[in-house]
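Residue numbers (the working numbering), protein chains in the order written: chain D, 449 to 657; chain C, 449 to 657. Even for Gly, the Cβ is constructed at its ideal location relative to N, Cα and C. Just so you know, these numbers come straight off a predicted model, no measurement behind them. Here the structure comes first, spelled out in structure tokens, and everything after it is commentary.
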DNA sequence: TAGATTGTTAATCGATTAACAATC
DNA sequence: TAGATTGTTAATCGATTAACAATC
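What follows is the structure, given as structure tokens:
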């Protein structure tokens, strides 16, 4: 039994864990057995100290002089991130961006399976993209209840995002992954994760100057 | 003439500016004339202090008791972010994600126009998506030189991203917006902006627990 | 053994938050 | 005028970096 007191991981560290995982997958393909923080850092242009600190939030001991066993560290990160559990999500907006996400098979390896897509365009209902069936948006609530889904993905244009969010909230969705460039108005208890391309673009342009 | 000493904006503040801009566009549609930091903060679930601090990096004075003129603040943010200049970019990878970006008309309002797309699939050469022509990847270098492009967007699958980055570097691209979940190996002087979905997903899952 | 690397505590740095004078 | 809000300087908080003992 572990202590009750668990240091919670800072968000910046949490965001870096998937990057470490990606490196570990590459190294595993090369049959590397051990990897050190310095090696990981070098590959990602981070500092070794930062990598070591980040990994300290994970339940794993490395070996002095050798580093971490690649397979163990990879598994432990997956474990920490919950990538071996499998969450199901519903996606709303079967346009190009929606289809891009549906086609992205790697999501499954990261614990997320999109089990159905929805769209307001009735012509799309019944279509199948990358093995995922599209339903009319009117079916969202019923199916969410029936399949006990609690993650929703929004890939509709900005002006429709709020309407979709309202439907999701009403249907009992607890977490929303929002790809529309709109600030969603939802009850406090709903988790919203925004992917805002404009912010990236602002940083890129600034750095280019 | 301004002083030589300009306080540079912290990256977190820079990333928030586009969010403020979005709010201002909404308010402008509503014909709101003035807006205060508190109002902006309330709409985005930020603190008023943070908004005020962020806006202080921008060259604009507000009016005590009233706030900022919506139109002025909007223009000044656009100016600060360089959204009235227009940069041209080439996109490589005309799959679903690539098409999603090509269809996203709002990019133009943010100073970025994608003027051509490239793909290694020769069947796509000559196709036109949302007004943008697709060329074979072999044409990338020549067209980049000729059109003096210095921003590249990578929307190919992970295993091909490095190859594309190499072509971009060789062609004189200075900034890369990378949507592939791979760490790119490029010379130090090249700016890379990664959009890593796994990091978002990690944060969302963590918060849901 | 010597040396490299981990794990962890302490120091530093930078962003966020607070405080408050200036102003309309 | 009183009160709300800006603009800016100071205090706080948290993440990053440094330092160093422990270990194989």
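Residues near residue i by beta carbon distance below 6 Å, same chain, minus five either side
i                      : result
residue 596 of chain C : none
residue 528 of chain C : 506
residue 563 of chain D : 536
residue 531 of chain C : 558 and 559
Length of the line joining the Cα atoms of residue i and residue j
i                      : j                      : result
residue 450 of chain D : residue 480 of chain C : Residue placement at residue 450 of chain D cannot be trusted, given a pLDDT of 35 that sits under 50; the coordinates are not used to answer.
residue 567 of chain D : residue 548 of chain D : 15 Å
residue 508 of chain C : residue 524 of chain C : 7 Å
residue 475 of chain C : residue 517 of chain C : 11 Å
residue 580 of chain D : residue 513 of chain D : 48 Å
residue 593 of chain D : residue 639 of chain C : 45 Å
residue 647 of chain D : residue 503 of chain C : 15 Å
residue 456 of chain C : residue 636 of chain C : 21 Å
residue 484 of chain C : residue 472 of chain C : 11 Å
residue 460 of chain C : residue 458 of chain D : 16 Å
residue 495 of chain D : residue 608 of chain D : 42 Å
residue 655 of chain C : residue 656 of chain D : 34 Å
residue 606 of chain C : residue 650 of chain D : 24 Å
residue 570 of chain D : residue 613 of chain D : 19 Å
residue 546 of chain C : residue 576 of chain C : 12 Å
residue 644 of chain D : residue 631 of chain D : 10 Å
residue 477 of chain D : residue 470 of chain C : 44 Å
residue 642 of chain D : residue 466 of chain D : 18 Å
residue 578 of chain D : residue 551 of chain D : 6 Å
residue 463 of chain D : residue 544 of chain C : 25 Å
residue 652 of chain C : residue 610 of chain D : 19 Å
residue 572 of chain C : residue 497 of chain C : 51 Å
residue 633 of chain D : residue 586 of chain D : 21 Å
residue 490 of chain C : residue 574 of chain D : 41 Å
residue 553 of chain C : residue 486 of chain D : 43 Å
Same chain only: Cβ atoms within 8 Å of residue i, ignoring 5 sequence neighbours per side
i                      : result
residue 493 of chain D : none
residue 468 of chain D : 488, 492, 499, 502, 503, 521 and 525
residue 482 of chain D : 511, 514, 515, 516, 517 and 518
residue 588 of chain D : 538, 540, 566, 615, 616 and 619
residue 555 of chain D : 549, 561 and 562
residue 591 of chain D : 538, 564, 583 and 597
residue 622 of chain D : 598, 599, 637, 638 and 639
Per-residue contacts from residue i into chain C (C-beta, under 7 Å)
i                      : result
residue 611 of chain D : Those do not exist, as residue 611 of chain D stays about 15 Å from chain C at its closest Cβ, beyond 7 Å.
residue 545 of chain D : 548
residue 459 of chain D : 651
residue 498 of chain D : Correct list: empty, because the minimum Cβ distance to chain C is about 15 Å.
residue 569 of chain D : Ordered by position in chain C, no residue passes the 7 Å Cβ test against residue 569 of chain D, which lies about 15 Å from the chain.
Interface residues of chain D facing residue i [CB-CB closer than 7 Å]
i                      : result
residue 650 of chain C : 462, 463, 465, 466 and 529
residue 559 of chain C : 653
Neighbouring residues, chain C, relative to residue i (Cβ below 9 Å)
i                      : result
residue 655 of chain D : 623, 639 and 641
residue 647 of chain D : 462, 463, 464, 465, 466 and 467
Close beta carbons around residue i, own chain, < 7 Å, minus the five adjacent residues each side
i                      : result
residue 453 of chain C : Note on residue 453 of chain C: pLDDT 48, under 50, position unreliable in the model; the coordinate value appears next. Hits under 7 Å: none found.
residue 534 of chain C : 559 and 561
Proximal chain C residues relative to residue i, where beta-carbon distance stays under 8 Å
i                      : result
residue 491 of chain D : 631
residue 507 of chain D : The contacting residues do not exist; residue 507 of chain D stays about 15 Å from chain C at best.
residue 478 of chain D : Simply none; closest approach about 14 Å.
Neighbour list for residue i in chain D, Cβ cutoff strictly below 9 Å
i                      : result
residue 551 of chain C : 543, 544 and 545
residue 487 of chain C : Result: empty, since nearest Cβ-Cβ is about 13 Å, beyond 9 Å.
residue 556 of chain C : None at all; the shortest Cβ gap to chain D is about 12 Å.
residue 534 of chain C : Residues of chain D passing the Cβ test: none, with the nearest at roughly 11 Å.
**Asked** Looking at C-beta atoms only, is the number of pairs between the segment 539-549 of chain D and the segment 594-613 of chain D that lie closer than 8 Å three or more?
**Response** yes
**Item:** Touch test, the segment 608-623 of chain C against the segment 624-631 of chain D, Cβ-Cβ under 8 Å, three pairs minimum
**Value:** no
**chain C contacts from the segment 573-602 of chain D (Cβ-Cβ distance under 8 Å)** = Residues passing the 8 Å Cβ filter: 598 and 599.
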